[in-house]
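So the structure is just underneath, and the comments pick up after that.
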């Protein structure tokens, strides 16, 4: 299992599923001859995208960033449309660490799109139940409001079955929230109106989880934003701000969707100076 130490914090990447989506949509207006040099694609113009939650052990708590694709949460049509290659193996991943879903104290949701939120809910026969029954689920107030009242565009990714079973566990925040000492969720907007990032700092070491502002390492250029972004200019400005702060402070940048790297450090010339690559093994 891929692991990164940050001061007193330990991060473990769980297996949350793998999809293949259209590369053009993932890179927006960036021409294929440019983005295809930086990220692999197949003959159908699809790129592999993981959905791997990060388990963070910090301050005696066990926190998750995101929840994965879930199991048996997509119809056959959705599996085809979303290019589903594998579903979540959260239970198996946690078992490798001697844990179960009941041991998760906190889930930090950067936003509530299906590929991030499906894993919050499990199917038990015909019933939908909370996957992490003992966890507090944090999400921005703006995101939570839109999740429950989606507009004509967002209703395709904000699903009622992803919030009804867990609404009693949800706590919201406005601008930012220190979830535990050293770990803060910060509302940025951009990819969605309520999108947030996660900032971690321990013993002078800094880490930024940019979520879908920077879904893969190939999106490091602030201008390279997705066609899926609801507010692309907000994404660009937020990326400029946080990339500048992070690179200037020697921060790690971590990923949920990247199929090459778990985490990277860049220097001022945008060169990779440290990296944690994915171990390509299956449970």
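In the numbering used here, the protein residues as written are 46 to 328. Here a beta-carbon is modelled for each residue, glycine too, at the ideal position from N, C-alpha and C. Keep in mind that this is a model prediction, so the values were computed, not measured.
- Remark: C-beta atoms of residue 70 and residue 273 approach each other more closely than 8 Å.
- Distance from the CA of residue 106 to the CA of residue 88, rounded to the nearest whole angstrom, comes to 44 Å.
- As computed with DSSP, residue 67 is found in a beta bridge with 91.
- Residue range 135-141 is occupied by the alpha helix (DSSP H) that includes residue 140, with no beta strand (DSSP E) assigned at that position.
- Per DSSP, residue 159 lies in no beta strand (DSSP E); the unbroken alpha helix (DSSP H) holding it starts and ends at 159-162.
- Residue 124 sits in a helix when the DSSP states are folded into three classes.
- From the listed residues 79, 291 and 233, the smallest Cα separation to residue 281 is found for 233.
- Distances from the CA of residue 95 to each of 122, 76, 128 and 221 were compared; the closest alpha carbon is that of 128.
- Collapsing the DSSP output to three states places residue 54 in a strand.
- Here residue 115 is buried. Its C-beta has 16 or more other C-beta atoms within 10 Å.
- Taking a C-beta distance under 8 Å as the contact criterion, residue 68 and residue 99 do not qualify as a contact pair.
- A residue is called buried when at least 16 other Cβ atoms come within 10 angstroms of its Cβ; residue 74 does not meet this threshold and is exposed.
- The closest CA to that of residue 50, considering only 209, 309, 260 and 184, is found on 309.
- DSSP places residue 292 inside the alpha helix (DSSP H), whose first and last residues are 277-293.
- One thing to note: residue 185 has its Cβ no nearer than 8 Å to the Cβ of residue 176.
- Looking from the CA of residue 219, the closest CA among 86, 140, 155 and 149 belongs to 155.
- Rounded to the nearest whole angstrom, the C-alpha separation of residue 244 and residue 266 is 20 Å.
- A residue is called buried once 16 or more other Cβ atoms fall within 10 Å of its Cβ, and residue 284 is buried on that count.
- The alpha-carbon separation between residue 213 and residue 205 amounts to approximately 14 Å.
- Contact annotation, residue 146 with residue 183: C-beta distance approximately 17 Å; criterion of less than 8 Å not satisfied.
- Residue 102 and residue 46 have their C-alpha atoms spaced approximately 14 Å apart.
- For the set 241, 208 and 211, the Cα lying nearest the Cα of residue 222 is the one of 241.
- Taking 8 Å as the cut-off, the Cβ atoms of residue 52 and residue 188 do not count as close.
- Within the same chain, Cβ atoms closer than 7 Å to the Cβ of residue 252 are found at 51, 245, 296, 297 and 299, the five residues on either side in sequence being excluded.
- Our two residues, residue 178 and residue 207, have alpha carbons roughly 14 Å apart in a direct line.
- The Cβ atoms of residue 135 and residue 113 lie closer than 8 Å to each other.
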